[in-house]
Structures are given as C-alpha cells and as structure tokens.
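Numbering (full-length UniProt numbering), first residue to last: 1 to 334.
Beta carbons are placed, not taken as given, at the ideal position from N, Cα and C, and that holds for glycine.
Bear in mind the structure is a predicted one, so any value in this text is a computation, not a measurement.
Printed below as a string of structure tokens:
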C-alpha cells in the first residue's frame with residue numbers, strides 16, 4: 001500500500017515519518033518509530049473471518065451524490081432475490097451513512113453476541129451493517145479523524161458475525177482516501193473480486209471517476225466495470241426521455257473506451273425511488289409496480305456456475321424500453 005498516496009515514502013522506507021511529505025500526517029510518529037512497518041495482526045484475523053465470505057465487491061466513485069449507496073442497495077436486493085443466496089451489505093461511509101435510510105432500517109440497533117456483532121437482517125438472507133446503527137440519532141455527526149475511521153472499518157470486517165455469505169457488497173464514501181485504503185488493505189489477503197464504479201454522465205463527475213480508476217490500478221484492485229447512473233430522465237406520465245446531465249465529453253461510454261474498462265450499463269432517473277424513500281418503505285426492487293414497468297428500479301442478479309473457480313455474475317438493469325445484462329466473470333478463491 002506504500003504507493004498510495006504516491007508521495008508517501010512507505011512504512012518500510014528509511015524516510016518513513018521523516019520525509020517532507022510526512023509532515024502533518026496523523027501516522028507520522030508511528031512510522032518514524034518503525035512500528036508502522038510491523039504487520040497488522042488484524043489482517044490475519046480478517047482473513048480468517050472472510051473465509052466464510054465467497055465474493056467481495058466494492059462499490060466506488062470519486063464523486064459524491066452519484067448513487068453509490070442506491071446502486072449498492074439495488075445489487076444487494078437483486079442478489080438476495082434467490083433465497084438460497086446469502087448476501088451482506090456493509091456501509092463504510094463512516095461520516096455519511098445512508099444505507100440504513102435507503103434500506104428502511106433507521107432506528108435498528110446492532111446486538112453483541114458471543115461470536116461478535118450481529119448484523120441487522122432485512123431478510124433472512126440479507127444482512128446489513130452500518131455505523132448509522134451505532135448512533136443515538138440519525139442526525140448525529142460523526143467527527144472522526146482517519147485512524148478512528150480505519151479502526152471502525154477494521155472492527156466491521158473482523159468482529160461482525162456475517163456467517164456463511166455468498167456476496168459481501170461494500171458501499172464506500174466518495175474519494176480515494178482513508179476508508180478506501182483501509183478496505184483494500186484489510187481485504188487484500190482475503191481476495192477482493194473487484195470494484196463497480198458509479199458515475200453520472202457529465203464531465204464534473206467523470207474527472208473524479210478517472211482518479212478512482214487510477215486508484216484501483218495503483219492498489220491492484222480489479223475494476224469489474226462502470227455504471228453510468230442518472231443517464232437521462234424518463235417521465236412516468238408521458239415516457240419521454242430528457243437529458244438532465246448532458247454527457248459533455250461523451251459520458252461514461254467514451255471514458256470507458258479511453259481507459260479500456262467495461263461499461264456495464266446506463267440507468268436513468270426514476271422519481272418512484274424517491275417516493276419509496278418518503279414512504280419509509282425501504283428499497284424494494286420490483287420489475288412491476290401499480291403503474292407498470294419501472295424504468296430504473298429493477299436491478300437483480302442471476303448468478304450461475306461456469307467453469308471451476310469462476311462464477312458469472314449477471315446483473316440485469318431495466319433502462320428506457322429494454323433490458324440489458326451486465327456481466328463479469330468473477331474468480332473465486334482457489
């Protein structure tokens with residue numbers, strides 16, 4: 001991890017804690033003492049805990065407000081439609097946890113057992129964990145520096161009793177900082193399948209998503225692909241499409257072509273998502289509602305086995321008048 005950020009000398013360097021780039025770093029004293037170079041015993045503990053989790057997928061974006069948490073909820077619900085598939089959704093947006101609200105679980109509490117923290121279960125096969133469950137009020141601010149946030153992520157990965165899980169979906173905050181580095185570092189030894197990166201069509205989002213893709217390359221995190229969210233708006237009354245965020249530089253399609261990463265698909269805005277939030281019904285994925293087919297809501301999966309040590313993850317998203325498949329081959333641990 002010493003390559004990130006690129007001006008960090010790394011914990012194994014003779015300049016660790018002493019270089020000019022170390023000034024102001026909260027870990028400067030730790031690195032200067034040499035203790036930072038020692039392996040973190042929690043990594044082995046997390047590796048052992050993650051042996052019961054088959055697939056680990058991070059949902060990332062360099063820009064805030066592009067729909068990472070909504071997509072994470074989509075994906076978790078879609079995977080959990082198969083009652084034989086065990087799904088876990090972990091929210092590591094420590095300062096802005098929105099998963100409890102999106103999933104209709106505000107006010108729920110985490111319980112401690114002999115085997116660790118018990119996640120909050122929305123369904124028998126869908127467990128959720130978020131720092132939002134640990135706050136006395138959803139309006140409480142979490143004012144933590146990097147080390148404390150990193151410690152919370154470590155505790156989520158090491159101490160939550162997920163049980164046997166087929167898919168762990170990790171919803172992340174925007175950017176390429178502490179939470180992302182911690183998640184990749186702690187999960188690296190346990191094998192991460194890859195990251196799904198969310199963007200909106202306009203350049204102000206794409207420029208930060210390019211940084212996120214660069215981050216993934218630097219930390220050797222596979223990019224499953226990019227989803228262009230809020231890709232147009234379809235009026236629920238007249239079904240006419242309007243571009244809310246014009247793709248000023250070609251949108252995600254051109255960016256993915258230039259950077260040679262897969263474009264998984266485009267999802268339009270759908271006002272019925274907001275209606276469901278206001279009704280506090282949680283996020284229920286359905287192809288149909290009382291007014292017919294929802295153009296953006298349905299995201300679900302059909303996972304099936306392909307050759308040994310691989311699994312084909314297919315996520316189907318309805319956009320405009322058609323359905324398309326988002327496919328990526330995910331390698332299981334040997």
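| Query | Result |
| --- | --- |
| Among 177, 149, 85 and 216, nearest to residue 193 - alpha-carbon criterion | 216 |
| Residue burial classification, residue 53 (beta-carbon count within 10 angstroms, cutoff 16) | buried |
| Whole-angstrom distance between residue 183 and residue 162, CA atom to CA atom | 16 Å |
| Per-residue DSSP class, three states only, for residue 340 | Outside the displayed span of the chain (1 to 334) sits residue 340, for which this structure offers no information. |
| Outcome for residue 128 when other beta-carbon atoms lying within 10 angstroms are tallied against a minimum of 16 | buried |
| Where residue 221 sits in the DSSP three-state scheme | coil |
| Residue 178, DSSP secondary structure in three states | helix |
| Spatial distance of residue 155 from residue 111 (CA atoms) | 14 Å |
| Per DSSP, cross-strand counterpart(s) of residue 130 | 91 |
| Boundaries of the alpha helix (DSSP H) in which residue 364 is found, first to last residue | Residue 364 lies beyond the stretch modelled for the chain, which goes from 1 to 334, so this question has no answer here. |
| Top-ranked residue by Cα proximity to residue 65, from 259, 178, 171 and 213 | 171 |
| Backbone CA spacing between residue 231 and residue 23 [nearest angstrom] | 42 Å |
| Residues near residue 197 by beta carbon distance below 7 Å, same chain, minus five either side | 60, 61, 209, 212, 213, 223 and 226 |
| Residue 20 classed as buried or exposed, judged by whether at least 16 other C-beta atoms fall within 10 angstroms | exposed |
| Check whether residue 133 and residue 120 have beta carbons under 8 Å apart | yes |
| Residue 106 and residue 97 closer than 8 Å at C-beta | no |
| Cutoff 7 Å; reference residue 164; Cβ partners in own chain excluding five residues on either side | 52 and 86 |
| Whether residue 151 touches residue 26 by CB criterion (8 Å) | no |
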